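Residue numbers (this note's numbering): 71 to 360.
Here you go:
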């Protein structure tokens, strides 16, 4: 009986979202752009969807839950959110085995995908070529936002929201007197904080992408094994840069004891990965018409 009631509540919830979206999209405001993205937890990478789509289109967005209406599937490792109505613009895969079923993938429209690993996995699943631009749309941010801040910190640290309470993160802050940058900040505030730093250490993918985009030397670090999908999304992004995927790995800082001199040496390993795909093609691939 409990399972039956849970199933009924789930169906009622889906029906509610569908009716709400129908009223807004069809009856009230057809100028809104429907989008699907991860919004269960505040996170700058996900917030970039709304920010960039507004900047590029000049229109407001509507987050949809049902997936029934034509929509943009945007930034994030959210390919598994896809439905037959999805137009993918820069999305990536979280795990190679976590994809919509074949019948859904076949109906999805791929305007752009995040990287080579995502494209290859899709092609293997579909049994055909996925010909579209590559790139996480976060690489376009420097075309739309121009921070006016001065350098204030030698080192900034961006923990993934799953890493905020890890020992390694806290030790890094303490031993290097580093500045903590919160992924839950609004987009412009987050970028301002990044640009104030000479070097950035990050276990957050978009901490790394945005550091590269704003020419801040950075280092991919690992504070825990809590991030879903492991290295896949990072390697997917780096496949679109001049950093060789087979030679770039996270620096493991999950140890209980981290030597200060070792941490100081890591600063000199920070670099900037240059996006080697075509930003214009990625921007032009934005699906204005749904």
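For every residue, glycine included, the Cβ atom is placed at its ideal position computed from N, Cα and C. Quick caveat, the model's predicted, so the values are computed rather than measured.
**Study point:** Reduced DSSP category for residue 44 - H, G, I as helix; E, B as strand; rest coil
**Key:** Outside the modelled stretch of the chain, which goes from 71 to 360, sits residue 44, for which no answer is possible.
Check your understanding: Should residue 203 be labelled buried (16 or more other beta-carbon atoms within 10 Å of its own) or exposed?
Key -> Along the chain shown, one-based indexing puts residue 203 at 133. Counting the other CB atoms within 10 Å of its CB gives residue 203 a total of 16 or more, which places it among the buried residues.
Review point. Do residue 308 and residue 318 have their CB atoms nearer than 7 Å?
Key: Here residue 308 refers to the residue found at position 238 of the chain shown. Here residue 318 refers to the residue found at position 248 of the chain shown. Here residue 308 is near residue 318, since their CB atoms are less than 7 Å apart.
Check your understanding: Which value, in whole angstroms, describes the spacing of the CA atoms of residue 358 and residue 126?
Key -> Against the chain shown, residue 358 aligns to sequence position 288. Against the chain shown, residue 126 aligns to sequence position 56. Going by the C-alpha atoms only, they are around 9 Å apart.
Exercise for review: Could you check which residue in 182, 253, 200 has the C-alpha nearest to that of residue 116?
Suggested key: Working through the chain shown from its first residue, we reach residue 116 at position 46. Comparing Cα-Cα distances from residue 116 to each of 182, 253, 200, the minimum goes to 253.
Review point. Shortest alpha-carbon distance to residue 232 belongs to which of 341, 273, 131?
Key: As a first step, residue 232 is located in the chain shown; it is residue number 162 there, counting from the start. Considering only 341, 273, 131, the residue with the shortest C-alpha distance to residue 232 is 273.
Review point. From residue 249 to residue 353, what distance separates their C-alpha atoms?
Key: The residue given as residue 249 occupies position 179 in the chain shown. The residue given as residue 353 occupies position 283 in the chain shown. Residue 249 and residue 353 have their C-alpha atoms spaced approximately 33 Å apart.
Check your understanding: Hey, how far is the Cα of residue 112 from the Cα of residue 118?
Key -> Stepping through the chain shown from its first residue, residue 112 is reached at position 42. Stepping through the chain shown from its first residue, residue 118 is reached at position 48. The straight-line gap from Cα to Cα measures roughly 11 Å.
Review point. According to DSSP, is residue 322 helix, strand or coil?
Key: Indexing the chain shown from 1 puts residue 322 at position 252. Strand.
Review point. CA-CA distance, residue 222 and residue 360?
Key: Walking along the chain shown from the start, residue 222 turns up at place 152. Walking along the chain shown from the start, residue 360 turns up at place 290. Computed Cα separation, rounded: 43 Å.
Review point. Would you say the segment 159-170 touches the segment 180-194, given that touching needs at least three Cβ pairs under 8 Å?
Key: Between the segment 159-170 and the segment 180-194 there are three or more C-beta pairs closer than 8 Å, enough to call the two in contact.
Check your understanding: When the distance is taken between beta carbons, is residue 315 closer than 7 Å to residue 305?
Key -> The residue you call residue 305 lines up with position 235 of the chain shown. The residue you call residue 315 lines up with position 245 of the chain shown. Going by C-beta atoms, residue 305 is nearer than 7 Å to residue 315.
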